[in-house]
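Chemist: Heads up: take any position in the sequence shown, counting from 1, add 3, and you land on this note's numbering.
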Amino acid sequence: MIPLRLTVKGLYSYRQEQTVDFTRLTEAQLFGIFGPVGSGKSTLLEAISFALYGETERLHRRDNRYYNMMNLKASELYIEFVCRAGKDGQEYRFVVQGKRPKKNYAEVKAFKRAQYRRAGKEWEPVEVNPAELLGLSYENFRRTIIIPQGKFQEFLQLNSADRTRMLREIFHLERFELYENTRQVEQRNTEEINRLEGRLRELGEANPEVIREKEAEAAALKKTLQKLQRRLRQKEQQEADLRRLKDIGENLARQEERLRQLQEQAPAFEERRKRLATYEECRLKFGELLNRYREERRRLTVLKKEVEEKQRQEQQLSRRWQEAQKALEQIKAEYEGRERLQQEAEDLTRLLEIRDLETRMEKFRQDIEQRQKELRRRRETLKAVTADLQAASEQRKQLRQKQQEMKKLEQIREWLRERHRLQERIEELQAEAGKRNRDLQALEQHKRRLIAEHRLTDWAPEEMAALPLPELIRRVEELRGELEAGVEQLDQELEHLQVQAELSRLASTLKEGEPCPVCGSTEHPRVLRREEVEETLARTRQKRAALQERRQQADQIRARLGELFSKAELLENQHREVRRRLEEMEAEMQNHRARFVWKEFDPDDEEALQAAFEEARQIEEELNALEQKQEHLAEQQEEARNQQEALQDALNRLKQQRGEAETRRQTLLEQMQHLDLGAYRDQDKAAIQREREERWRRKAEIEKAFQERDREVQELGNRVAALRGRLEQAQQQMQAQQKTVQQLQDRLSHQLKASVYSRLEEVEEILSRELDVEGEKKAIAEFESALKSTRQLLNDLQKQMQGKTYDAGAHQRLQEEIAELKEQQQERQKTLGALEQAVQDLKQRWETRQKVEQQLEALRKRAENLKLLKSMFQGSKFVEFVASVYLRELC
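1) Under three-state DSSP, which class holds T10?
2) Below 7 Å CB to CB, which residues in the same chain sit around Q328 once its five sequence neighbours on both sides are set aside?
3) In the DSSP assignment, find the beta strand (DSSP E) that holds L80 and state where it starts and stops.
4) State the beta-bridge partners of T22 as determined by DSSP.
5) Do R422 and H595 have their C-beta atoms within less than 9 Å of each other?
6) With A897 as the anchor, note down where its beta strand (DSSP E) starts and where it stops.
7) Using the Cα positions of L235 and Q829, report the straight-line distance between them to the nearest angstrom.
8) Does K702 come out as helix, strand or coil in the three-state DSSP assignment?
9) On the three-state DSSP scale, how would you describe P128?
10) Could you round the C-beta distance between L320 and L726 to whole angstroms and report it? I think they count as a contact, below 8 Å.
11) Which term fits Q795, buried or exposed, when burial requires 16 or more other beta carbons within 10 angstroms of its beta carbon?
12) Nearest-angstrom Cα distance between K756 and L719?
13) Who are the near neighbours of A841 in its chain, counting only those whose CB is closer than 8 Å to its CB and skipping five residues on each side?
14) Give me the DSSP bridge partner(s) of V98.
15) Mind checking who I334 pairs with in its DSSP beta bridge?
16) I need the boundaries of the alpha helix (DSSP H) containing T851, first residue and last residue.
17) What do you get for L680, buried or exposed, if any count of 16 or more other CB atoms within 10 angstroms of its CB means buried?
18) Comparing alpha-carbon positions, which option in E777, D359 and M737 lies nearest D1?
19) With a threshold of 8 Å, establish whether the CB of A664 neighbours any heavy atom of the ligand SAM.
20) Please work out which residues of its chain come closer than 7 Å, Cβ to Cβ, to G523, disregarding the five sequence neighbours upstream and downstream, and give them in chain order.
21) Report the residue from Q669, T666, R668 and I691 whose alpha carbon sits nearest the alpha carbon of L678.
22) What residues match up with A122 in a beta bridge as DSSP calls it?
23) Please report the distance separating the alpha-carbon of H578 from that of E587.
24) Whole angstroms are fine: how far does the CA of A837 sit from the CA of H814?
25) What whole-angstrom Cβ distance do I560 and L443 have, given they're in contact under 8 Å?
26) What three-state label does DSSP hand M804 in the structure shown?
27) Grouping DSSP H, G and I as helix and E and B as strand, with all else coil, what is I560?
28) Between the beta-carbon of R120 and the beta-carbon of E127, is there less than 9 Å?
29) The alpha helix (DSSP H) with A757 in it runs from where to where?
30) Count the other C-beta atoms from every protein chain shown that fall within 10 angstroms of the C-beta of Q258, then say buried if there are 16 or more, exposed otherwise.
31) Can you list, in chain order, the residues of its chain whose CB lies under 6 Å from that of Y182, leaving out five sequence neighbours each side?
32) Using 10 angstroms around the beta-carbon of V885, count the other beta-carbons present and answer buried if the total reaches 16, otherwise exposed.
33) Between F37, A50, R428 and E283, which has its C-alpha nearest T22's C-alpha?
34) Going by DSSP, what residue range makes up the alpha helix (DSSP H) through Q56?
35) Whole angstroms is fine: what's the gap from E312's alpha carbon to A336's?
36) How many Å lie between V888 and V882 at the Cα?
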């Protein structure tokens, strides 16, 4: 994370907006922020941590954090931190905003937070987790990036496990935690080995020798199969010749039967040929002319009916036309007088509008009186609001003067905050010093328990228990040396006693007059007694065992006292360091107390200071309340002024509308000419409206009736004229059609006299058969063609059968022999296919087996390597090694 810019406003002592440009500071890779206590150095660091994580070291969530973070004279808080972070080094912007309420000065709500990422020249909103973006949790960020005052010792004194854990999070060393991955890879490798071993068992025994044997067997079977196939082809050719001869004989019998059937049908087809010739002759001479004669007679009948129908329609329509003309003459007089009804209806409309105008004029009069009263009341309200606004402005001016006198309270508050921080730190150090004293006392108790446990006072001076640890260790080492010397001395004595014991054993074998095996003397005045030597040897061994046990106890006590001494030495050093820091903090507290320059206040009287702060807060709240009141009064003043102007405008509009209504009323009275107003003075609007609507309705009915009658007369006249024209045209067409029919009848009589037929009915009877000429011709032609082709085919078959006979028994035996040969061929082909497939399978299994064995060998070597790697990664040893390397590089 590279800081680029920090902007703060309203945070602790930063009342006005301040911006720190880190780009210039970070150019040299190293920079410092210096200043006296309380100058705001820590505030900059807390602003960064609060913008990123929403956490601060100085205040906690249980405190009134948001109120205490804001400067008392500031109405808003603003923090903006811009940095470059992430793997790709993008720019991010973290913003915190908050405002102090005007009504409840001490109740500061939670601050608003926003996050942005640069996209070109713009900032786009994003949701990011700062811990993931920076790779640091807040605790590690606080420990490594922003280390609070007096807390660097905490980072240095972390134990190995905590320091390794922290470095793992900071430098993402979890990627070196490879044991589980290695174990999973080893497990998959083992599973693959097991799978391949099972695959080898499935493949069985496959080798080149077995493959060659199967290939030789398949080659021999192929030769046998080829001989069988040649024999089968010969038999199939013989069977095909017999089958063809059989087909020819059967076809010959079928064709003889077909020829007999066709010859039986020949007389019937001859009769059909004659009927077809007669039909074609009549159709050629009379067909078209007779059809036309029938069609023209049908059309003449239709025209006669059409003329009769049009004559009937013309008579009916002429009667309706005359009746409509009479009705039109009757309604024409009423139609010409319809304008009088329209003029009276228009006067009634004007009368209704006059009534509406009179009602509106009365309403205008009442509204004008009401608006004038409201206008006078609004003027009084505006005058009162203006007076209240002037009074509030004067009161605010007085409070502003009083507030200027209390600006120094903000500096006193900052002084108190620093004193509280120093006091908290002193109390923490005092508590830590007390803890170190208690730890030292606990070590002293541990030392006494250790002495009592090993019963040191049983074989050492009792005053040793009261000695300090260094002196006690020295005395224990001296005692251990004395015990070691005693053991060595007893070892020498034991060696001497063992010699004496051997001599006593030899002495027990001495006899008077015999030479001694040691000195050769034959006299033995004082023989060594074996019982005394063995008793002395036992006592000496017991004494040596006791000294040896005490020496071992001394070694154990020395080792455990050494551990206690190391802990005590560490605690002493820590205690001295805590005392030194405590003295520094107390000196800093004295210096801070000397900087209290406000003589009118007692630095120890916090109640008086809090009362002054409370008074300043109340003044601030009163000022805020007055500002709100002024704003409210100004809004009321503006609203009252606007309402007054709106009322005046409304009053003017009402007066103008009343004048316009009066002018319109006079105009309407002058336009009324056809009705007497006095006759309608007592009638209400509903009655007038009904009378007006009745006139309009009557006028509309008259116009509608006249228009309908006139339109009916016109339509009927047009229809009569058109129908008479069509009737005349139909009569002319009927006369022409009668001439055409007569001409066709004369032509038929002439044609009949020239033919072999005496009557027209004979011709009509022949033509009524309606033969399918083309179908009949086609059927006759097909019959003749079939007869001819059958005779030809029969002749060809008889020629093919000359000198040949078909033997059905021989044919049957040949088919059975072919079937047997085919069955043998299929069996040998199946056997050959099975052999070839077996050879192919053996080859594939042999190739697969070689590949599997190679893969298995590689996996077994890999298993040995994975086993070695797993032992290296077990217990996070590799992570600890990498962490130690990083730590050495940091140091």
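Ideal Cβ positions, reconstructed from N, Cα and C, are used throughout, including at glycine.
Modeler: This is what the structure gives:
1) strand
2) V716
3) E79 to A88
4) T10
5) yes
6) For residue 897 there is no data in the structure shown, the boundaries of the chain being 4 and 894.
7) 12 Å
8) helix
9) strand
10) 6 Å
11) exposed
12) 56 Å
13) K217
14) E83 and A117
15) Looking at the DSSP assignment, I334 forms no beta bridge with any residue, so it has no partner.
16) A811 to F876
17) exposed
18) With the chain running from 4 to 894 in the structure shown, residue 1 is simply not present.
19) Ligands are entirely absent from the displayed structure, and the ligand SAM is therefore not among its contents.
20) Low confidence applies to G523: its pLDDT is 48, below 50, so where it sits in the model is not reliable enough to give any reading.
21) I691
22) E125
23) 14 Å
24) 35 Å
25) So it is not a contact: roughly 20 Å between Cβ atoms.
26) coil
27) helix
28) yes
29) Per DSSP, A757 belongs to no alpha helix (DSSP H) and is neither H nor E.
30) buried
31) F876 and Q877
32) buried
33) A50
34) One detail in the question is off: residue 56 reads as Tyr in this sequence, not Gln. Taken as a continuous stretch (DSSP letters only), the alpha helix (DSSP H) holding Y56 covers K44 to Y56.
35) 39 Å
36) 10 Å
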